[in-house]
Amino acid sequence: MKISLEPLTRVGGSALLEIIKEEGSLKEVRFAIRETPRLMESLLIGKSYKVLPEITARICGICPIAYQITALQAVEEAFEVKIPQEILSLRKLLYFAEWIHSHTLHLFFVHLPDYFKLPSFLELYHKEPFMLEKVLYLRDTVSLLIETLGGRTIHPVALIAGGFSSVPESLSNLQKPLEESINIAVELFAKLSSLKYPEFSFKEVIYVSLIGDDYPLLGDLIFDGREKISKRDFRHYFKEIKVPYATANFYLSSEGKAYLVGPLARFNNAFEKLSPIAQSLALKYGVFPPLNNPYRSALIRMLEILHSLEKSLEIVKTYRKPPSPSLEVMVKESEGFGVTEAPRGILWHHYKFDSQGTITYARLITPTAQNLKLIELTLTELLAKEKELKEEELLSKAEPMIRNFDPCLPCATHFLEVKIKEN
Amino acid sequence: MNIGVFKFTSCGGCQYSLLDLGESLLKFKISYFTELSSKNIFSPLDLALIEGSVTTNEEENFLKKIRKNARYLVALGACAVSGGIQAIQEDKSSNRIRPYSKPLADFVPVEFELRGCPISKHHLLEVLFSLSVGSMPLLPDYPLCLDCKRKGNPCLIVTKGVLCLGVITQGGCGAICPSKGRGCYGCFGPVKKVNLKAFFKCCLRLGLSEEEAIQALKNSFNGYHPDLRELYENIS
Ligand code: SF4
Ligand code: SF4
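Structure, rendered in structure tokens:
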């Protein structure tokens, strides 16, 4: 027997849950994604490498910078452009700002109402206007940061192959707001720590993130708790599976296991690399690895916000305008790989170009798509225990769990083709 | 004023611009917004804000249902206004485009269009505040070049010889791209009474063929705008 639970709310994109029952007991929960794919990969074929930062950004309005920087990493690898440190720092600064922008959106506008048993942020902030003021201050700070570097907050325009189209004279206007934001983030973390988080622990999980000298962000080595994998070899790490009920592909590790990317994976793999204030705060409140309870991912997102603020402040303080915003790009027949930590986890791009720099091949693996299998397994485990719950109640049990994973469905479904409108 | 926010096929960027309105957002009554609320009432709406393009029959039917239920319908951004980047799926063999997705106005009357990929929050505020006091919103209808002049940017076409779609793009963004030292790529879509002949001439002078100029329009996130789509339909 199959029951459909819909609509799923406060999830980025359109989906429903299918509950499969056998002899009265719950056997399987399916994450039936309905978002229409936008065929972004096939769209790119035949276009110049130059459109990559613009077009790939439109896969996701929440983490466009992640797409831009990952695509540029691949382009610059293919055409052997060596980006100087000072330009790389500016890219990191933009990326940190996006982590904050995305994490504050999910945490304070999507997820938090669950912990107050309220239907949305509107009710929450009528009740807690003081908290809203703080959250808005954080968001205003990072919006200012992204606008300063990129021109606008969503789909910024200044990232181009070889560097930036232009860089700011000075970033000193950002120092004060960042310092104030760090204080606010510390307060918000304390507030979040005082909330009650339901108990739950993953039965089996592999945490996959980038690994390097710093807390995962850019890089080219991927770590799954046992071995390090190069970005080139990562394509052999995962297995793509098609599921008939969803407009997205699902992924398993090559051994056929579900794995997790994103904040929890980064935290468990690289806790000791968090920035000083974030790390000491985490220890003070008893938040450290191994952390296997997805409900507590809210706390990890807050720590990552704090980490990003501290790192941003470092970059802003030492900024001096680089002599040139970009390097020249000489195209050739080639291929390139990009991998970075988007707010939701590992984002992986692979492109091939002909001698004119025209795209001949494009493949993108997104964080949410990699987490879908674990989301399903976790929901199955969670709901199988709730024998006495009625159908309507199942949905309200399932939704907060899904939100722990912060799935973004436009990302997950960026390429599969579905039945389209005919006329 | 009773507001509903809806999402069709899109990236989510435009609807989340609502959050950039900050505290002003709490002044409005939002009764339908599934991406951000678990309490959604599909009651008669004063204003339906719709992001995204129409790609499936379900979306088409739902759009018509919203239309019946809403006094004013607002298309949010390039996907809703022009079909978005996803509308331009090229059929490599025939050189034609296959409209995979379509703008809202292909199916229902739309009262207001907010241009851009993504929209500007100032234009959104203009619509919300004007309608809430019962007056008609004033949205820009001049070309982007005017924004550039206001900012005092030197013209990129004249001084650097690079392509800038600002000459045929609707203004209102504040010339974000030229202010960052790069040409506009057209995300606010074609300006009213767009003069494509002059545009092609301008491209020619920059050393670009008509085909290259058309490619730039296809990549503008508004390639399937009603005022542009004939371009490819006539090419074989
Ligand atoms: S118009 Fe652009 S920003 Fe808005 S939803 Fe479409 S792709 Fe996203
Ligand atoms: S300059 Fe053009 S492409 Fe850039 S934001 Fe404005 S309208 Fe969009």
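In the order they appear, the protein sequences are chains A and H.
Last residue of the first sequence: number 444 in the working numbering, and the count goes up by one each step with no gaps.
Last residue of the second sequence: number 239 in the working numbering, and the count goes up by one each step with no gaps.
Think of the CB as a built atom: it goes at the ideal place given N, C-alpha and C, for glycine as much as any other residue.
Just so you know, these numbers come straight off a predicted model, no measurement behind them.
Endpoints, the beta strand (DSSP E) within which residue i is located
i	result
LYS42/A	36-43
TYR35/H	32-36
ASN5/H	5-10
ALA51/H	48-54
ALA433/A	Element bounds for ALA433/A: not the beta strand (DSSP E) but the alpha helix (DSSP H), 430-433.
Helix, strand or coil at residue i according to DSSP, with G and I counted as helix
i	result
HIS257/A	helix
TYR306/A	coil
CYS176/H	coil
ASP20/A	Lying outside 22 to 444, the shown extent of chain A, residue 20/A is not represented and no answer is given.
ASN289/A	helix
VAL350/A	coil
ARG384/A	strand
ARG317/A	helix
ILE69/H	helix
ALA279/A	coil
ALA269/A	coil
PRO193/H	strand
ILE298/A	helix
GLU116/H	strand
LEU141/H	coil
PRO344/A	coil
ILE472/A	Lying outside 22 to 444, the shown extent of chain A, residue 472/A is not represented and no answer is given.
GLY233/A	coil
HIS127/A	helix
Beta carbon proximity, residue i to chain H, threshold 7 Å
i	result
THR57/A	yes
ARG31/A	yes
SER202/A	no
PRO28/A	yes
ILE121/A	no
VAL102/A	no
GLY82/A	yes
ARG79/A	yes
LEU159/A	no
LEU334/A	no
VAL72/A	yes
GLY172/A	yes
Classification of residue i by the beta-carbon crowding that lies within 10 angstroms, buried from 16 upward
i	result
TYR145/H	exposed
ARG384/A	exposed
ASP234/A	exposed
GLN377/A	exposed
HIS126/H	buried
THR12/H	buried
LYS440/A	Low per-residue confidence applies at LYS440/A: pLDDT is 44, beneath 50, and the placement is therefore not dependable enough to give any value.
LYS113/A	buried
ASP135/A	buried
Residue-level contact to chain A via CB, residue i, 7 Å cutoff
i	result
THR162/H	no
CYS180/H	yes
THR222/H	For the sequence presented, residue 222/H should be read as Asn rather than Thr. Chain A contact via Cβ: present.
THR172/H	no
PRO121/H	yes
ILE88/H	yes
TYR19/H	yes
CYS14/H	yes
GLY184/H	yes
SER239/H	Low local confidence applies: a pLDDT of 38 at SER239/H is under 50, so the model's placement there is unreliable, and no value is given.
LEU39/H	yes
GLY25/H	yes
LYS42/H	yes
ALA201/H	no
Start-to-end residues for the alpha helix (DSSP H) that takes in residue i
i	result
LEU207/H	199-208
THR169/A	150-171
THR361/A	Unbroken run through THR361/A is the beta strand (DSSP E), 355-363; no alpha helix (DSSP H).
ILE203/A	196-214
GLN89/A	85-99
SER63/A	61-65
Report task. Inspect the CB distances between the stretch 193-210 of chain H and the stretch 195-207 of chain A and report whether three or more fall short of 8 Å. Result -> no
Report task. Tell me, please, whether the stretch 95-103 of chain A touches the stretch 278-292 of chain A by the rule of three or more beta-carbon pairs shorter than 8 Å. Result -> no
Query raised in the report: Would you call the stretch 44-58 of chain A and the stretch 389-400 of chain A touching, i.e. three or more CB-CB distances under 8 Å?
Result: yes
Query raised in the report: Counting Cβ pairs closer than 8 Å, one from the stretch 319-339 of chain A and one from the stretch 115-122 of chain A, do we hit at least three?
Result: yes
Query raised in the report: Counting pairs of Cβ atoms below 8 Å between the stretch 240-259 of chain A and the stretch 267-276 of chain A, do you hit three or more?
Result: yes
Query raised in the report: Any chance the stretch 151-169 of chain H sits against the stretch 186-197 of chain H, with 3 or more Cβ pairs inside 8 Å?
Result: yes
Report task. Could you tell me whether the stretch 204-218 of chain A touches the stretch 100-108 of chain A, using the rule of 3 or more Cβ pairs below 8 Å? Result -> no
**Report entry** Cβ contact check for the stretch 21-34 of chain H and the stretch 144-161 of chain A: 3 or more pairs under 8 Å
**Finding:** yes
Report task. Check whether the stretch 226-241 of chain A touches the stretch 339-347 of chain A, counting contact only when three or more Cβ pairs, one atom from each stretch, lie closer than 8 Å. Result -> no
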